[in-house]
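Colleague:
Protein chains: 2
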Amino acid sequence: MTNDQITPEQPQPHLGSLAVGGQEVILTRAAAADVPAIVALLADDVLGQGREHAGTDPRYTEAFEAIDADPNQVLVVARAGGEMAATAQLTFIPGLSRGGALRAQVEAVRVAADYRGAGLGEAFFRWMATYAADRGATLMQLTSDRSRTDAVRFYERLGFVASHVGMKLPLHASGPTASASAESEPHQTRPGP
Amino acid sequence: MTNDQITPEQPQPHLGSLAVGGQEVILTRAAAADVPAIVALLADDVLGQGREHAGTDPRYTEAFEAIDADPNQVLVVARAGGEMAATAQLTFIPGLSRGGALRAQVEAVRVAADYRGAGLGEAFFRWMATYAADRGATLMQLTSDRSRTDAVRFYERLGFVASHVGMKLPLHASGPTASASAESEPHQTRPGP
Numbered sequence: 000m001t002n003d004q005i006t007p008e009q010p011q012p013h014l015g016s017l018a019v020g021g022q023e024v025i026l027t028r029a030a031a032a033d034v035p036a037i038v039a040l041l042a043d044d045v046l047g048q049g050r051e052h053a054g055t056d057p058r059y060t061e062a063f064e065a066i067d068a069d070p071n072q073v074l075v076v077a078r079a080g081g082e083m084a085a086t087a088q089l090t091f092i093p094g095l096s097r098g099g100a101l102r103a104q105v106e107a108v109r110v111a112a113d114y115r116g117a118g119l120g121e122a123f124f125r126w127m128a129t130y131a132a133d134r135g136a137t138l139m140q141l142t143s144d145r146s147r148t149d150a151v152r153f154y155e156r157l158g159f160v161a162s163h164v165g166m167k168l169p170l171h172a173s174g175p176t177a178s179a180s181a182e183s184e185p186h187q188t189r190p191g192p
Numbered sequence: 000m001t002n003d004q005i006t007p008e009q010p011q012p013h014l015g016s017l018a019v020g021g022q023e024v025i026l027t028r029a030a031a032a033d034v035p036a037i038v039a040l041l042a043d044d045v046l047g048q049g050r051e052h053a054g055t056d057p058r059y060t061e062a063f064e065a066i067d068a069d070p071n072q073v074l075v076v077a078r079a080g081g082e083m084a085a086t087a088q089l090t091f092i093p094g095l096s097r098g099g100a101l102r103a104q105v106e107a108v109r110v111a112a113d114y115r116g117a118g119l120g121e122a123f124f125r126w127m128a129t130y131a132a133d134r135g136a137t138l139m140q141l142t143s144d145r146s147r148t149d150a151v152r153f154y155e156r157l158g159f160v161a162s163h164v165g166m167k168l169p170l171h172a173s174g175p176t177a178s179a180s181a182e183s184e185p186h187q188t189r190p191g192p
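Chains A and B, in that order, are what the protein sequence lines are.
According to numbering that gives the first Met the number 0, the first sequence is numbered sequentially starting from 0.
According to numbering that gives the first Met the number 0, the second sequence is numbered sequentially starting from 0.
#1: Which residues, in chain order, does the stretch 133 to 151 of chain A contribute to contact with chain B at a C-beta distance below 7 Å?
#2: Please classify A:Val45 as buried or exposed, where buried requires at least 16 neighbouring CB atoms within 10 angstroms.
#3: Alpha carbon to alpha carbon, how far is A:Leu168 from A:Gln140? Give it in angstroms, no decimals.
#4: Leaving out five residues on either side along the sequence, give the residues of the same chain with a beta carbon under 7 Å from the beta carbon of B:Ala136.
#5: For A:Val34, which of helix, strand or coil comes out of DSSP?
#6: Along the chain, where does the alpha helix (DSSP H) containing B:Arg152 start, and where does it finish?
#7: Would you kindly report the start and end of the unbroken beta strand (DSSP E) that includes B:Arg109?
#8: Looking only at DSSP bridge pairs, what is A:His13 linked to?
#9: In chain order, what residues of the same chain lie with their CB nearer than 7 Å to the CB of B:Tyr59, ignoring the 5 residues before and after it?
#10: Taking B:Val76 as the reference, give the member of B:Gln88, B:Ala65, B:Ala42, B:Asp67 with the closest Cα.
#11: Tell me which same chain residues have a C-beta within less than 7 Å of the C-beta of B:Asp56, skipping the five on either side of it?
#12: Find the residues of chain B that neighbour A:Val45, judging by a C-beta separation of less than 7 Å, and give them in chain order.
#13: Let me check understanding here. Comparing Cα to Cα, which of B:Phe63, B:Ala85, B:Gln11 lies closest to B:Phe123?
#14: What residues match up with A:Ala117 in a beta bridge as DSSP calls it?
#15: Rounded to whole angstroms, what is the Cα-Cα separation between A:Pro70 and B:Arg115?
#16: What would DSSP say about B:Asn2, mapped onto helix, strand or coil?
#17: Counting only beta-carbon atoms, is B:Glu106 nearer than 7 Å to chain A?
#18: What's the C-alpha gap between B:Phe202 and A:Gly99?
#19: According to the neighbour-count rule (16 or more other Cβ atoms, all chains shown, within 10 Å of its Cβ), is A:Gly80 buried or exposed?
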């Protein structure tokens with residue numbers, strides 16, 4: 000995809016709309032021009048503030064282009080009165096397990112401070128579940144940081160079950176930061192081309 | 000992709016190899032012909048046995064074709080002496096958060112009963128971490144059912160941190176199975192085309 004195709008002038012594909020507290024919220028796929036505002040939302044958060052950079056950092060542009068080029072990624076922005084009110088990324092993951100189930104994974108959910116507590120988060124999730132089911136997904140999944148106890152309660156209220164432990168491993172170019180002892184290190188070949 | 004391109008006669012792309020307990024383990028991308036054996040591995044499990052069908056069920060063929068057509072999915076099979084010893088699926092997820100981090104998610108990990116306890120699982124994970132880092136991922140993530148306490152300890156030994164709660168919501172064609180009350184139901188439009 001060339002930059003010409005993702006200029007802000009191109010209309011953003013409409014995905015749906017919600018009525019929240021009497022206000023219309025318009026859902027679209029994110030455009031390149033939305034990236035700084037999405038990054039600002041990601042950073043306006045107790046965990047996010049320590050791990051995001053300026054929204055104009057070229058790493059975000061590259062990541063946006065990878066998302067936008069992949070039909071299994073749907074980066075959604077929710078706007079109320081022209082203002083960005085919320086964002087989330089849906090990833091569709093085909094798999095063999097659970098009878099060949101298509102999973103819809105939700106990452107990077109944020110509701111802008113001015114729009115919290117008004118029901119937008121719940122309406123947005125219900126819309127995402129409908130959208131994902133319409134695309135054939137039979138399971139929606141997400142992980143929430145253990146420290147976000149309010150978020151876990153919110154998801155449980157929507158019907159999510161906290162059945163799993165979510166685990167993360169930072170990777171470095173030289174491999175994992177594993178702490179396992181050296182004698183268990185296997186002989187490894189580099190991945191093929 | 001036509002079926003001709005995924006016949007068992009086509010050589011499976013080689014990904015790497017491991018030496019585990021003096022035996023060579025060959026890693027390849029899964030081919031269509033591997034699907035029944037992968038499904039048998041998924042089903043040979045206390046949780047999997049209740050949720051898988053016969054490996055020849057067309058839902059698995061369709062799911063395999065979706066995986067195989069998506070460059071962000073890598074369904075790996077590990078063979079020792081021609082026998083399927085392990086499988087796992089890697090999904091590469093581009094995203095804006097954490098500075099535009101590319102995530103490598105691991106799903107559907109299984110080691111065949113005859114190969115457990117010999118270090119294959121650890122060698123396989125170390126290989127996956129290297130492969131993912133070589134493709135530019137800076138974070139590997141997975142969820143493990145809370146009831147698999149041995150698995151959680153295994154992942155912690157590899158350096159994974161159990162920082163998150165993994166939550167799942169079954170989806171039905173009509174939307175989520177949410178238990179929230181009707182008065183909070185938002186007005187929703189159907190997703191656009």
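Even for Gly, the Cβ is constructed at its ideal location relative to N, Cα and C.
Modeller: Taking the definition as stated:
#1: Hits within the stretch, in order: Asp133, Ala136, Thr137, Leu138, Met139, Gln140, Leu141, Thr142, Ser143, Asp144, Arg145, Val151.
#2: Locating residue 45 of chain A in the first sequence gives position 46, counting from the first residue. The residue is exposed, with fewer than 16 neighbouring Cβ atoms inside 10 Å.
#3: Taking the first sequence and counting its residues from 1, one reaches residue 140 of chain A at position 141. Taking the first sequence and counting its residues from 1, one reaches residue 168 of chain A at position 169. Spanning the two alpha carbons is a distance of roughly 19 Å.
#4: The count along the second sequence starts at 1 and reaches residue 136 of chain B at position 137. So the qualifying residues of the chain are Phe91, Leu101, Arg102, Ala103.
#5: Within the first sequence, numbered from 1, the residue matching residue 34 of chain A stands at position 35. Of the three classes helix, strand and coil, the one that applies to A:Val34 here is helix, per DSSP.
#6: Your numbering for residue 152 of chain B matches position 153 in the second sequence. Residues 148 to 156.
#7: As a working note, residue 109 of chain B is residue 110 in the second sequence. Annotation for B:Arg109: the continuous beta strand (DSSP E) segment containing it runs 101 to 110.
#8: The count along the first sequence starts at 1 and reaches residue 13 of chain A at position 14. Beta-bridge pairing links A:His13 to A:Thr27.
#9: To locate residue 59 of chain B, count along the second sequence from 1; it is residue 60. Result list for B:Tyr59: Val34, Val38, in chain order.
#10: Within the second sequence, the letter at position 77 stands for residue 76 of chain B. It is B:Gln88.
#11: The residue labelled residue 56 of chain B in the question sits at position 57 within the second sequence. For B:Asp56, where only same-chain residues beyond five positions count, there are no Cβ hits under 7 Å.
#12: What you label residue 45 of chain A is simply residue 46 of the first sequence in a count that begins at 1. Listed along chain B, no residue sits closer than 7 Å to A:Val45 by beta-carbon distance, the nearest being about 14 Å off.
#13: Locating residue 123 of chain B in the second sequence gives position 124, where the first residue counts as 1. Among B:Phe63, B:Ala85, B:Gln11, the Cα nearest to that of B:Phe123 belongs to B:Ala85.
#14: Taking the first residue of the first sequence as position 1, residue 117 of chain A is located at position 118. According to DSSP, A:Ala117 bridges with nothing at all.
#15: Here residue 70 of chain A refers to the residue found at position 71 of the first sequence. Here residue 115 of chain B refers to the residue found at position 116 of the second sequence. Straight-line Cα distance between these residues: approximately 37 Å.
#16: For the purposes of this step, residue 2 of chain B is taken as residue 3 along the second sequence, with counting starting at 1. In this prediction, B:Asn2 scores a pLDDT of 45, lower than 50, which makes its location untrustworthy; no coordinate-derived value is stated.
#17: As a first step, residue 106 of chain B is located in the second sequence; it is residue number 107 there, counting from the start. For B:Glu106, the answer is yes, since a Cβ of chain A falls inside 7 Å of its Cβ.
#18: The question about residue 202 of chain B has no answer here: the residues shown for chain B are numbered 0 through 192.
#19: On the first sequence, residue 80 of chain A is found 81 positions in, with the first residue counted as 1. Exposed, since its Cβ has fewer than 16 Cβ neighbours within 10 Å.
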